[in-house]
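*Asks:* Have a look at this one before I ask anything.
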Amino acid sequence: MKLNKIASLFAIALAPLLAAGAQGCSTDDPTSQVDNVVELSDYTVDFDRMNAQYPSEVPITKLEDAWTAYVKVGEQTIPSPTHLFGNVVNIIPYSNEDGGTDAAGEPFARGDQEIAKYFPPGAVGIGLKMHRPEKRVVDLNGADASAMKEDFKLQDTHIEVVVGVEKAEHGHPGAITLNNPQSYENGRFGNATYSMIFLTPNYPEYITVDLEKQYESNIRTALMGFNAVTDFPGDYNGGDPLGANNPEALLVYVDNMVKAIAGDAEAKAWFQQDENLIYCAELAFISMSGGLIAPLNKTFMEPRVGAETWAAFAAQVELHNKGVDEFQETGEISEPSNFLAMNDNKRVGMVRIELAPEDLVPVSQHAPNPEAASQLLALQPMTMADIVKEFMRTHIPRQILGEELAPVQAAVLGKMRPGLYETMGMDQMPEDHPARAAVDQLFDAMLQVVGTSYGSYDEFQQNLAPLMAQAQQLTGPRPDAKPGEGLFVPPSLFHVAAQGTYSGLLSMQYLGHGVHVQNVKKKAGETPEPTPVDEIDATVSCATAADAPEGAEGNINSCGRQAAGGCWCDAACVDYGDCCEDYAPVCGG
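Right, dumping it as structure tokens:
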């Protein structure tokens, strides 16, 4: 599939970075020999359906368009591939219902059938819910402060944790989601509009494949426990501090989770305290961090929680798996474990869990530098300065397009100022307040650096680094603040981790873009190689649609896409030099 020039440059730049962090991508199947995708699905989108689902002044004419932001600043519009992860877009269909049809009217037997291919039984990954297809135009000229909040977070608004199961309600292997709030989508994936990106963890390269499976299993058990005992906060837009902000604090969460599942009333109450409430992305973050740092085995946990509590927790694991077996045989669970009874999402009864092997240790002990690794969590939490930095990187890709973008980046940063101040609560302070004055001074200095064109992007980064360090300190945790205040794990953290930043013990690997089944269809076949222009006749040119029925006449043509012979009939073909010979007279180019 041909990309526009900017998206192509972005993809080319990302591909080596993503390939370097990927593991297990090399197989004997030639379809999986792709830099950024583990395995390609058999599906693509139906463009008519996509444009009907996501109307915009910028139509979707190729896959990349749906996940590209068109940023308006001043008189310029910059196409920024914010939600692309390399040189291939992979489409993974989803539906909450079984027995549906795709855009071509072909049967789609099970709503999770394609997802289950990427998440086999026991696998744990991420469904990053986002609004990029609905919000492809980002007009900074007229944006108000409140509207900018969601743009800061890259329009990433929810995390579903995806788990593969041995047998779903339809009687086949399937996949479910775990969420905070627990009842979100009843453990399914969502409606046609609110789509997602599927990601899977990349485990540290210093552990074996067998150990990866053991840590993934430990993450799954931790996830089931945390989802059962935690509640969703009322304020999840920055007002909820990250309690599990370091490994030591995280272990307190693990201890209380084990106690709560075992039936300890005080531990259950601990998770109801405001500072211990957990929002959607935080559920994924603490589960993955806890699964890597705290082996759920007798050797590690009994000294921490006591023999009686550990025995009660282990008994709940055993009871839960009896329920999984019963469900597979009868479709019912007669005696639910606390993992199920304390969760409003009853689909968790399909998830098999297990205690960790007794010889499993914290993953950091396998690292070349155990002391350094012991200070890490699954990913690196972000400050508000980091969130803004990632907005600038993804929306105004100066690192790709060069230093001539400096004035544009500065203009965008200036327009972001009111929204940033509102998010930080600075808009409520008098302008002469010392804290407000310090932020104003730093912001002015950053504007000056950002607006300067340097000899290279590296030189720009060198000049920006000390100011970013100040910004991270200013917007991050302070000595007199609540634990975790100023640190965030927004849904966008998983997004940027899949683009090569903010990794910790894990990084994230792109699997594909989740698109509702009503907007997809089976691929027709391989994209044809371009045909030299002088060898193209009228039957394979813009004048005839690539998929036109035999004998079709009238206004059926290939304008806006690739013709059957391989040449192109879209506006970008002029820049690429691959237009069909009759592009101008037929399509008005």
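FYI, in my numbering the residues of the sequence shown are 34 to 622.
Backbone N, C-alpha and C fix where the C-beta goes; we use that ideal spot for every residue, glycine too.
Does the segment 201 to 220 touch the segment 525 to 541, meaning 3 or more C-beta pairs lie closer than 8 angstroms?
*Replies:* Here the segment 525 to 541 does not lie against the segment 201 to 220, with fewer than 3 beta-carbon pairs under 8 angstroms apart.
*Asks:* Taking Ala327 as the reference, give the member of Asn279, Pro153, Pro92 with the closest Cα.
*Replies:* Taking the first residue of the sequence shown as 1, we reach residue 327 at position 294. For Ala327, the nearest C-alpha among the options comes from Asn279.
*Asks:* Give the straight-line distance between the Cα atoms of Glu492 and Leu310, rounded to the nearest whole angstrom.
*Replies:* Here residue 492 refers to the residue found at position 459 when the sequence shown is read from its first residue. Here residue 310 refers to the residue found at position 277 when the sequence shown is read from its first residue. Taking the straight line joining both Cα atoms gives about 42 angstroms.
*Asks:* Mind checking which residues open and close the alpha helix (DSSP H) that includes Asp81?
*Replies:* On the sequence shown, position 48 is the one that residue 81 refers to. Per DSSP, Asp81 belongs to the alpha helix (DSSP H) from 80 to 86.
*Asks:* Return helix, strand or coil for Ala196, following the three-state DSSP convention.
*Replies:* In the sequence shown, the residue the question calls residue 196 occupies position 163. Going by the sequence as given, residue 196 is Val instead of Ala. Correct three-state label for Val196: strand.
*Asks:* In the DSSP output, which residue or residues are listed as bridge partners for Tyr151?
*Replies:* Walking along the sequence shown from the start, residue 151 turns up at place 118. Looking at the DSSP assignment, Tyr151 forms no beta bridge with any residue, so it has no partner.
*Asks:* Determine the contact status of Leu412 and Leu316, defining contact as a CB-CB distance below 8 angstroms.
*Replies:* Here residue 412 is taken as the residue at index 379 of the sequence shown, counted from 1. Here residue 316 is taken as the residue at index 283 of the sequence shown, counted from 1. Against a cut-off of 8 angstroms, the Cβ pair of Leu316 and Leu412 comes out as no contact.
*Asks:* Can you tell me whether DSSP reads Met417 as helix, strand or coil?
*Replies:* For the purposes of this step, residue 417 is taken as the residue at position 384 of the sequence shown. Looking at Met417 - three-state DSSP - the assignment turns out to be helix.
*Asks:* Using beta-carbon positions only, say whether Ala400 and Tyr239 come within less than 8 angstroms of one another.
*Replies:* Here residue 400 refers to the residue found at position 367 when the sequence shown is read from its first residue. Here residue 239 refers to the residue found at position 206 when the sequence shown is read from its first residue. In contact: Ala400 and Tyr239 (Cβ atoms closer than 8 angstroms).
*Asks:* Going by DSSP, name the residue or residues bridged to Ala102.
*Replies:* Sequence index remark: in the sequence shown, residue 102 carries index 69 (1-based). DSSP output for Ala102 lists Ser113 as bridge partner(s).
*Asks:* Flag this pair as yes or no: are the beta carbons of Glu359 and Ser370 separated by less than 8 angstroms?
*Replies:* As a working mapping, residue 359 is identified with position 326 in the sequence shown. As a working mapping, residue 370 is identified with position 337 in the sequence shown. Their beta carbons are not under 8 angstroms apart, which means Glu359 does not touch Ser370 by this criterion.
*Asks:* Nearest-angstrom Cα distance between Met462 and Arg469?
*Replies:* As a position in the sequence shown, residue 462 is number 429, starting the count at 1. As a position in the sequence shown, residue 469 is number 436, starting the count at 1. The alpha-carbon separation between Met462 and Arg469 amounts to approximately 7 angstroms.
*Asks:* Pick out the complete beta strand (DSSP E) segments inside the segment 201 to 251, 3 residues or longer, and give them in chain order.
*Replies:* 207 to 211, 229 to 235
*Asks:* Excluding the 5 residues flanking Tyr87 on each side, which residues of the same chain have their C-beta closer than 6 angstroms to its C-beta?
*Replies:* By one-based count along the sequence shown, residue 87 stands at place 54. Cβ within range, chain order: Pro166, Glu167.
*Asks:* Using only alpha-carbon positions, find the residue among Leu325, Glu341, His528 that is nearest to Lys331.
*Replies:* Taking the first residue of the sequence shown as position 1, residue 331 is located at position 298. Checking every option, the nearest Cα to that of Lys331 belongs to Glu341.
*Asks:* So which of Ala345, Ala443, Leu497, Glu436 has the shortest CA-CA distance to Ser486?
*Replies:* The sequence position of residue 486 within the sequence shown is 453, counting from 1. Among Ala345, Ala443, Leu497, Glu436, the Cα nearest to that of Ser486 is on Glu436.
*Asks:* Met163 bridges to which residues according to DSSP?
*Replies:* Counted from its first residue, the sequence shown places residue 163 at position 130. In the DSSP output, where bridge partners are listed per residue, Met163 has Asp189.
*Asks:* Within the segment 288 to 354, note down every full alpha helix (DSSP H) run reaching 4 residues or more, in order along the chain.
*Replies:* 298 to 303, 313 to 326, 331 to 338
*Asks:* What is the rounded straight-line gap between the Cα of Leu283 and the Cα of Ser591?
*Replies:* To locate residue 283, count along the sequence shown from 1; it is residue 250. To locate residue 591, count along the sequence shown from 1; it is residue 558. Straight across, the Cα-Cα distance linking Leu283 with Ser591 is about 56 angstroms.
*Asks:* Grouping DSSP H, G and I as helix and E and B as strand, with all else coil, what is Thr363?
*Replies:* One-based indexing of the sequence shown puts residue 363 at position 330. Correct three-state label for Thr363: helix.
*Asks:* Pull the bridge partners of His549 from the DSSP assignment, please.
*Replies:* As a first step, residue 549 is located in the sequence shown; it is residue number 516 there, counting from the start. DSSP, once it has assigned bridges, lists Tyr127 as partnering His549.
*Asks:* How many Å lie between Gly207 and Glu362 at the Cα?
*Replies:* Indexing the sequence shown from 1 puts residue 207 at position 174. Indexing the sequence shown from 1 puts residue 362 at position 329. In a straight line, the C-alpha of Gly207 is about 16 angstroms away from that of Glu362.
*Asks:* Can you have a look at Ala531 and say buried or exposed, based on whether 16 or more other CB atoms are within 10 angstroms of its CB?
*Replies:* Residue numbering aside, residue 531 sits at position 498 when the sequence shown is read from its first letter. Classification of Ala531: buried, given that the 10 Å Cβ count is 16 or more.
*Asks:* So, under 8 angstroms CB-CB, Met257 and Gly160 are touching, yes? Tell me the CB distance rounded to an integer number of Å.
*Replies:* Within the sequence shown, residue 257 is the residue found at index 224, counting from 1. Within the sequence shown, residue 160 is the residue found at index 127, counting from 1. Wrong, their Cβ atoms sit about 17 angstroms apart, outside the cutoff.
*Asks:* Any idea if Lys246 is buried or exposed, counting beta-carbon neighbours within 10 angstroms, 16 or more meaning buried?
*Replies:* On the sequence shown, position 213 is the one that residue 246 refers to. Lys246 is exposed by the Cβ-count criterion.
*Asks:* Is it buried or exposed, Val396, if we count other Cβ atoms within 10 angstroms and call 16 or more buried?
*Replies:* Start at 1 with the first residue of the sequence shown, and residue 396 comes out as number 363. The residue is buried, with at least 16 neighbouring Cβ atoms inside 10 Å.
*Asks:* Would you call the segment 213 to 232 and the segment 122 to 137 in contact, with 3 or more CB pairs under 8 angstroms?
*Replies:* yes
*Asks:* According to DSSP, which residues form a beta bridge with Thr77?
*Replies:* Position 44 of the sequence shown, counting from 1, holds the residue named residue 77. Beta-bridge pairing links Thr77 to Lys554.
*Asks:* Suppose you measure from the CA of Ala504 to the CA of Asp75; what does that come to, to the nearest Å?
*Replies:* Start at 1 with the first residue of the sequence shown, and residue 504 comes out as number 471. Start at 1 with the first residue of the sequence shown, and residue 75 comes out as number 42. Roughly 46 angstroms between the two C-alpha positions.
*Asks:* Let me know the secondary structure DSSP gives Tyr286 once reduced to three states.
*Replies:* Walking along the sequence shown from the start, residue 286 turns up at place 253. In the three-state reduction of the DSSP assignment, Tyr286 falls in the helix class, which pools H, G and I.
*Asks:* Where does Glu365 land, buried or exposed, given buried means 16+ other C-beta within 10 angstroms?
*Replies:* Here residue 365 refers to the residue found at position 332 when the sequence shown is read from its first residue. Glu365 should be labelled exposed.
*Asks:* Taking Val472 as part of the alpha helix (DSSP H), name the residues at either end of that continuous run.
*Replies:* In the sequence shown, counting from the first residue as 1, residue 472 sits at position 439. Start and end: 467 to 483.
*Asks:* Would you mind reading off the limits of the beta strand (DSSP E) that contains Val171?
*Replies:* As a first step, residue 171 is located in the sequence shown; it is residue number 138 there, counting from the start. Unbroken beta strand (DSSP E) run through Val171: 170 to 172.
*Asks:* For Met494 and Tyr151, I'd like the C-alpha separation in whole angstroms.
*Replies:* Indexing the sequence shown from 1 puts residue 494 at position 461. Indexing the sequence shown from 1 puts residue 151 at position 118. One detail in the question is off: residue 494 reads as Gln in this sequence, not Met. Approximately 38 angstroms between the Cα atoms of the pair.
*Asks:* Are the CB atoms of Ile433 and Phe372 nearer to each other than 8 angstroms?
*Replies:* By one-based count along the sequence shown, residue 433 stands at place 400. By one-based count along the sequence shown, residue 372 stands at place 339. Not a contact, by the Cβ cut-off of 8 angstroms.
*Asks:* For Glu281, does the count of other Cβ atoms within 10 angstroms reach 16, so buried, or fall short, so exposed?
*Replies:* Locating residue 281 in the sequence shown gives position 248, counting from the first residue. Exposed is the call here.
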